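Participant: Numbering (my numbering), first residue to last: 1 to 249. Even glycine gets a Cβ: it sits at the ideal position worked out from N, Cα and C. Given the structure is predicted, the values throughout are model-derived calculations rather than measurements.
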Amino acid sequence: MIKDPNSSLPRRLTENELSTFRRQGYLILHHVLPLAELQDLNNELEIRYQRRLKDPEIAQDEQKRNQIHGLGADSERSRQLASDPRILSLVEDWVKPGIALFSAKLISKGPNEPNNVCHWHQDEAYWHIYSESECRMSIWLPLQDVNRKNGCLRVIPGTHKKGVIVPHQPRSSRDHGACRLSFLPGDRELPNTVYCQIPAGSIVLFSNKLCHSSLGNYTNQHRRVFILTYQEATVTKGKDDDFAILRSA
Numbered sequence: 001m002i003k004d005p006n007s008s009l010p011r012r013l014t015e016n017e018l019s020t021f022r023r024q025g026y027l028i029l030h031h032v033l034p035l036a037e038l039q040d041l042n043n044e045l046e047i048r049y050q051r052r053l054k055d056p057e058i059a060q061d062e063q064k065r066n067q068i069h070g071l072g073a074d075s076e077r078s079r080q081l082a083s084d085p086r087i088l089s090l091v092e093d094w095v096k097p098g099i100a101l102f103s104a105k106l107i108s109k110g111p112n113e114p115n116n117v118c119h120w121h122q123d124e125a126y127w128h129i130y131s132e133s134e135c136r137m138s139i140w141l142p143l144q145d146v147n148r149k150n151g152c153l154r155v156i157p158g159t160h161k162k163g164v165i166v167p168h169q170p171r172s173s174r175d176h177g178a179c180r181l182s183f184l185p186g187d188r189e190l191p192n193t194v195y196c197q198i199p200a201g202s203i204v205l206f207s208n209k210l211c212h213s214s215l216g217n218y219t220n221q222h223r224r225v226f227i228l229t230y231q232e233a234t235v236t237k238g239k240d241d242d243f244a245i246l247r248s249a
């Protein structure tokens, strides 16, 4: 991926930032990637999105339409971003020994999709069937500015400390939205909820055990988020064909 000459250089988390991540289960970092790079990625994903809409089964299913999985194996730009030193340096003090890519995906909310919520869940409720990790975590990278109106990430700080804390139940397509294996509907407001309203180019790092969700998109623009998930390189199984060891243990 071509990098803007003004893009940020690789850096590790400060002790303060790492302490916040340990305590809260998430961390917001601003201005990690320049907008030109995000536009390059978004252009490729738009082509893939439009191609998928030609399949009637996908086009009619809200969840299938708005999610593209397997990008670590299927997209050169996605692979480059997943192994970008500016990203890896931010996770290396948490994800160890070594760094492996667990998955890479796009999660979208189409224009004027107020029912397209992501229900309350913890990622590990989905992922433990693939492999067990002590430090799995995600980089949540919005390709547009995100806020309450278009469905920014919502988190409950500190909920990562006790593992998968409540049983997750499957929801049917009649419930709308995504993240259908969940412990509460996505339209519920929970105590201590934090809305991660951030501009494009900023990121949220969060633990695989953090309780999180998002509301629907009330705007006339797409809300797209690229999500990279990492684990220690000694856990040698990821999701589908995305798995790749990026730094050896």
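Can the beta-carbon of Leu13 be found less than 7 Å from the beta-carbon of Asp93?
Facilitator: Taking the first residue of the sequence shown as position 1, residue 13 is located at position 13. Taking the first residue of the sequence shown as position 1, residue 93 is located at position 93. Cβ atoms of Leu13 and Asp93: closer than 7 Å.
Participant: Cα-Cα, which of Leu41, Ile165, Asp240, Ile198 is closest to Gln80?
Facilitator: The residue labelled residue 80 in the question sits at position 80 within the sequence shown. That would be Leu41, whose Cα lies nearest to the Cα of Gln80.
Participant: Looking at Gly98: is its Cβ nearer than 7 Å to the Cβ of Ala244?
Facilitator: By one-based count along the sequence shown, residue 98 stands at place 98. By one-based count along the sequence shown, residue 244 stands at place 244. Contact flag unset, no.
Participant: Quick one: grab the DSSP three-state call for Arg86.
Facilitator: For the purposes of this step, residue 86 is taken as the residue at position 86 of the sequence shown. Three-state result, Arg86: helix.
Participant: Pop quiz: Lys109 and Gly216 are said to be a contact at Cβ under 8 Å. What is the actual Cβ separation, rounded to whole angstroms?
Facilitator: Residue mapping note: residue 109 aligns to position 109 of the sequence shown, counting from 1. Residue mapping note: residue 216 aligns to position 216 of the sequence shown, counting from 1. Contact holds; Cβ gap of about 7 Å.
Participant: Tell me the rounded alpha-carbon separation between Arg180 and Phe21.
Facilitator: Here residue 180 refers to the residue found at position 180 when the sequence shown is read from its first residue. Here residue 21 refers to the residue found at position 21 when the sequence shown is read from its first residue. Whole-angstrom Cα-Cα distance: 26 Å.
Participant: Would you kindly work out how many angstroms separate the C-alpha atoms of Gly163 and Lys209, rounded to a whole number?
Facilitator: Sequence index remark: in the sequence shown, residue 163 carries index 163 (1-based). Sequence index remark: in the sequence shown, residue 209 carries index 209 (1-based). Taking the straight line joining both Cα atoms gives about 6 Å.
Participant: Name the two residues that bound the continuous beta strand (DSSP E) containing Ala36.
Facilitator: The residue labelled residue 36 in the question sits at position 36 within the sequence shown. Segment 35-52 is the alpha helix (DSSP H) holding Ala36; no beta strand (DSSP E) there.
Participant: Ignoring anything shorter than 3 residues or poking outside the stretch 164-228, list the beta strand (DSSP E) runs there in chain order.
Facilitator: Runs found: 194-196, 203-207, 212-214.
Participant: Rounded to whole angstroms, how far is the Cβ of Leu250 from the Cβ of Ala125, which I believe are closer than 8 Å?
Facilitator: With the chain covering 1 to 249 only, the question about residue 250 has no answer from this structure.
Participant: In whole angstroms, give me the CA-to-CA distance for Arg156 and Leu18.
Facilitator: Walking along the sequence shown from the start, residue 156 turns up at place 156. Walking along the sequence shown from the start, residue 18 turns up at place 18. Contrary to the premise, residue 156 reads as Ile rather than Arg in this sequence. Near 18 Å, if we compare the C-alpha coordinates of Leu18 and Ile156.
Participant: Cα-Cα, which of Ile165, Glu37, Ala73, Val146 is closest to Leu184?
Facilitator: Position 184 of the sequence shown, counted from the start, is the residue given in the question as residue 184. Cα-wise, what sits closest to Leu184 is Ile165.
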